[in-house]
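Undergrad: Heads up: the sequence shown begins at 88 in the numbering used here, then just goes up one per residue. Ideal Cβ positions, reconstructed from N, Cα and C, are used throughout, including at glycine. Source: prediction; values computed, not measured. One structure, pasted below without further comment.
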Amino acid sequence: MNAGLNFREITGPLAVVFSAFMYSVFAVGSKPLVKTYGALPTAIWVALIGTAFTLPLISMNFITQVQELSTITWVSVIYLAVISTVLANVILYLLIGNRSVSRLSIQLYIVPLVSLVGGIVLLGEGVTILTVLGGILMFTGVALAIRLRVGLITR
88 MNAGLNFREI TGPLAVVFSA FMYSVFAVGS KPLVKTYGAL PTAIWVALIG TAFTLPLISM
148 NFITQVQELS TITWVSVIYL AVISTVLANV ILYLLIGNRS VSRLSIQLYI VPLVSLVGGI
208 VLLGEGVTIL TVLGGILMFT GVALAIRLRV GLITR
């Protein structure tokens, strides 16, 4: 049994920590933009800049692949673009503009719960004891954060 960690074992957890850090930089950095320009223009510019970063990843067969998309695939793409991206980001920026970023970050803990339910309902995934323990740990952290915020627990 190998007692040390190798790079492959820590890559996932490091990616999650890095993602959380980058999200916090993004949320804090976008607040002044939302205050200055509004939620919709900020969402549009973020989408355009994000698209520019993904352009180098386009396949050489991109045009052919787009031409071969089925109707259901186009409906899915439009749904992802309009609902999951534009609408969700406009709502996010409206919230960022009107509330503190630290308060909104607590609400992001609902994402794993929605993902879990979606995995069970849509993909038929099972629930393991580690999933349940992770959920308990997550909701305990959220409860503590909320209680600290409203002053039920002193620091």
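Whole-angstrom Cβ separation of I207 and V214, contact assumed at under 8 Å?
TA: By one-based count along the sequence shown, residue 207 stands at place 120. By one-based count along the sequence shown, residue 214 stands at place 127. 7 Å between Cβ atoms; contact.
Undergrad: Decide if the segment 175-182 is in contact with the segment 119-131; the criterion is three or more beta carbon pairs, one per stretch, under 8 Å apart.
TA: Touching, yes, given that three or more Cβ pairs across the two stretches are closer than 8 Å.
Undergrad: Whose CA, out of T172, K122 and L181, lies closest to the CA of G137?
TA: Position 50 of the sequence shown holds residue 137. Cα-wise, what sits closest to G137 is T172.
Undergrad: To the nearest angstrom, how far is the alpha carbon of V219 from that of P199?
TA: The count along the sequence shown starts at 1 and reaches residue 219 at position 132. The count along the sequence shown starts at 1 and reaches residue 199 at position 112. In a straight line, the C-alpha of V219 is about 12 Å away from that of P199.
Undergrad: Going by C-alpha to C-alpha distance, which of A107, A168 and M225 sits closest to I197?
TA: Looking up residue 197 in the sequence shown gives position 110. For I197, the nearest C-alpha among the options comes from M225.
Undergrad: Given 8 Å as the limit, is there contact between the segment 109-126 and the segment 184-195, that is, 3 or more CB pairs closer than that?
TA: Short answer: they touch.
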